[in-house]
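Visitor: Residue numbers (this note's numbering): 24 to 658. The C-beta atom is built at its ideal place from N, Cα and C for all residues, glycine as well.
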Amino acid sequence: MPSEPIPAASGPWRRHALIAALVLGAIAVSLGLRLAVGDRPLHGPLTWPALPLWLALIAGLPLLAELLVRLRAGQLGADVLAGLSIVVAYALGELLAGALVVLMLAGGQALESWAVRRASFALEALARRLPAMAHRCRETGTEDVPLAAVAVGDRLEVHPHEACPVDGTVLEGHSTMNEAYLTGEPFLLPKVPGSAVLSGALNGEGVLTIRADRRAADSRYAQIMQVMRDAEQHRPRLRRLGDRIGAIYTPLAILVAAAAGLASQDPVRFLSVLVVATPCPLIIAIPVAIIGAISLAARRGIIIRDPAALERIATCRVAVFDKTGTLTYGEPQLTEIDTAPGQSREAVLGALASLERYSRHPLAEAVLAAARAGGIPLQETREIHEAPGEGLEGRVDGRRVTVTGRRQWLARVPEAPLPPEQGGLECVVGIDGAYAATCRFRDEPRREGPAFIAHLGPRHGFRRVLLVSGDRESEVRYLAEQVGIDEVRAGQSPETKLALVRELAAHDGVLFMGDGINDAPALAAATVGVAFGQGSAVTSEAASVVILDSALQRADEVLHIGDRLRRIALQSAVGGMALSLVAVGVAALGYLPPVAGALVQELIDVAAVANALRVAWVSRDLADEVAPKPAFDQG
């Protein structure tokens, strides 16, 4: 197997929160000592009230080290100004002002770290899906061996509901397998002796004996893991909203502070301007807005795994959709019954459903659902026989009914007048040895799909919308026509999906929405990846956003929450910094000493944070009127 997955980083939010708590405690102790003993010396120039403030600096040294690393990497963000204020304050003996800035910086970073504390576990989830052991067949029975010990040619058993351990060929048994993680097709596929099976495919109810055709390290699932690892390691690094604003604001504030200090020949004036200019609306208000957006999304059944995605989603101009389970329901439905002359649709469906109720074929439920929807009663059925690979036969109300595939029917009746082959799955129905009908099945598009796709450009500014699927081209184009998408990519593997997303992301922000394991690499590489539904832990871990219920309205709400976050965060940041600039002018004239400036900055922070909290205060529907409201809603 490939090397071990990348370990998830432990969230630094606890460390930042601990620093903030220690500094707050140090400030409180210092003020208490000042009231109790005044500025009584402890040793030389060091006083009792100053001691806790020096301890606050020591507690904040890890933050300064982090800032230095970012500064050396050329990242001039808003927090660099706070770090400079701390150093200058302690150098000039303004210990309380410096400790207050340490508190603001630690508190802001704790909020930010808390919002992003969950690292990606996509590779771990991918690895967990495959069994660690395989059931190898011996003359004396089966033995469990590590997956790495399986050799080409080994006979293995795959038990019900297990994932297939390696690529192979069925030797004995009959079952179905779900290969949608790779192919994108929603159908369960029958497996009989001679059928190929893929590693990672989920077995159905039967026990299969297979021959290993590849080692686990060479199987298809291992290849997808390698693609996933590559996507994880090469995620695009995008600048955050606060960083972009801070890159402009920070040098400007330093120039103003330097000018004030030089003009007054007073280094404390320089410090006063720095302290007041410290961009706490960026350091604190934006994380608060992000946390509010996460809460707002959670009340609507949307899990935000990467909070930065909410900032980036408004910049996406290309939307890429997977087909199965995303724009479709992910379940086959009987869509057409093409009857032979003299046969009625109701009669054929009644006979077919009466027979299929005894079948375990993946399409049987679709037939029964169509009969229930049409109010067609089931008839007495006897002498049922289902030969592997040959179809189903039985006597329904005295007539011999056969259900099989096109190829099998033509092998029996070469001159049978079958209609032309079309996309999707189909079965041929014979009654008393004569051709009766061809039934076709498709994975139907979601009812809200056309309206949702149509509004993406006018409402959300998307310039391109693509449908990308591992399914056959006829199926993909059928869906594209139904929902109104012009750009289609069919027959896509996980590797080609990943390459396409990277190519698109090189020019524009890309929103990718999918629901299968074959989508995980592309979800990880996209500017924003949205996992639709709860079908795969791997997909959910790879995505930036997970929509728990299967409704496109939730995807629209993600777009609106991103817009709302960006708008209110900008209001809080820009508005708070505008107030800071007014205070900078007052400090530059010498009317705000460092400690008073720090307190004024705290008042500005309160105003900015109060505005940022509005992100979570929504009492109305966020989504546009593109679909009926989903059932899940706590907001």
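1) I need the DSSP call for Q402, collapsed to helix, strand or coil.
2) Report yes if the C-beta distance between L134 and C187 is below 9 Å; otherwise report no.
3) Between R178 and L415, what straight-line distance do the alpha-carbon atoms span, to the nearest angstrom?
4) Tell me the DSSP secondary structure of D361 in three-state form.
5) Cutting at 7 Å between CB atoms, please list the residues of its own chain near V638, excluding the five before and the five after it.
6) According to DSSP, is P213 part of a helix, a strand, or is it coil?
7) Within 10 Å of its beta-carbon, does L502 have 16 or more other beta-carbons around it, so buried, or fewer, so exposed?
8) Does the distance from the C-beta atom of I277 to that of L107 stay below 9 Å?
9) Take I42 as the anchor and find which of R525, G599, L86, A601 has the nearest alpha-carbon.
10) So, at 8 Å on beta carbons, what are the nonlocal neighbours of P440 in its own chain, with the 5 sequence-adjacent residues on each side left out?
11) What are the complete beta strand (DSSP E) segments, minimum 3 residues, inside the stretch 459 to 538?
12) Between L74, V60, A59, which lies nearest to H66 when the distance is taken from Cα to Cα?
13) Classify H39 as helix, strand or coil using the three-state DSSP reduction.
14) Once DSSP output is grouped into helix, strand and coil, what is the label at P302?
15) Report the option in A174, V173, V175, M156 whose CA atom is closest to the CA atom of D167.
16) Using 10 angstroms around the beta-carbon of L91, count the other beta-carbons present and answer buried if the total reaches 16, otherwise exposed.
17) Can you say whether H408 is buried or exposed, counting buried as having 16 or more other CB atoms within 10 angstroms of its CB?
18) Provide the residue(s) that pair with L415 in DSSP beta bridges, ordered along the chain.
19) Specify whether the stretch 467 to 485 and the stretch 570 to 579 touch according to this definition: at least 3 beta carbon pairs, one from each stretch, less than 8 Å apart.
20) Are the beta-carbon atoms of L372 and A387 separated by less than 9 Å?
21) Taking V230 as part of the alpha helix (DSSP H), name the residues at either end of that continuous run.
22) What residue range does the beta strand (DSSP E) around R159 cover?
23) Among E202, A566, G480, P290, which one has its Cα closest to the Cα of L115?
24) What is the residue span of the alpha helix (DSSP H) that P75 lies within?
25) What does S198 pair with, by DSSP beta-bridge criteria?
26) To which residues of the same chain is H530 closer than 7 Å at the C-beta, ignoring the five residues directly before and after it?
27) Would you grab the beta carbon distance between V569 and R238 for me? Rounded to a whole angstrom, and I think it's under 8 Å.
28) Where do the N-terminal and C-terminal ends of the alpha helix (DSSP H) with P330 fall, by residue?
29) Identify the residues that DSSP records as bridge partners of H66: which are they?
30) Return the chain-ordered list of same chain residues with a C-beta closer than 7 Å to the C-beta of V296, the five sequence neighbours on each side being excluded.
31) Suppose you measure from the CA of H583 to the CA of A434; what does that come to, to the nearest Å?
32) Which partner residues of R178 appear in the DSSP bridge assignment?
33) Let me know if W640 comes out buried or exposed under the rule of 16 or more other beta-carbons within 10 Å of its beta-carbon.
34) First and last residue of the alpha helix (DSSP H) that includes P617?
35) Just curious, the beta strand (DSSP E) that R340 is in, first and last residue?
36) Roughly how many angstroms lie between the CA atoms of V632 and V581, to the nearest whole one?
Guide: To lay it out plainly:
1) coil
2) no
3) Roughly 29 Å between the two C-alpha positions.
4) strand
5) A312, G315, A316, L319, R587, L588, I591
6) strand
7) With 16 or more Cβ atoms within 10 Å of its Cβ, L502 is classed as buried.
8) yes
9) Selection R525, G599, L86, A601 evaluated against I42 yields L86 as nearest (Cα-Cα).
10) A363, Y458
11) Unbroken beta strand (DSSP E) stretches of 3 residues or longer found wholly inside the stretch 459 to 538: 487 to 491, 510 to 512, 532 to 537, given in chain order.
12) L74
13) helix
14) coil
15) M156
16) exposed
17) exposed
18) In the DSSP output, where bridge partners are listed per residue, L415 has E409, V426.
19) yes
20) no
21) Looking at the DSSP string, V230 is not in any alpha helix (DSSP H), and its letter there is neither H nor E.
22) Counting along the chain, the beta strand (DSSP E) containing R159 begins and ends at 156 to 161.
23) P290
24) 73 to 95
25) K214
26) none
27) Not really, about 33 Å apart at Cβ, beyond 8 Å.
28) No alpha helix (DSSP H) holds P330; DSSP gives it neither H nor E.
29) H66 is bridged to L69.
30) V279, A280, A283, V607, A610, A611
31) 56 Å
32) R234
33) exposed
34) 617 to 635
35) In the DSSP assignment, R340 falls within the beta strand (DSSP E) that extends over 339 to 344.
36) 22 Å
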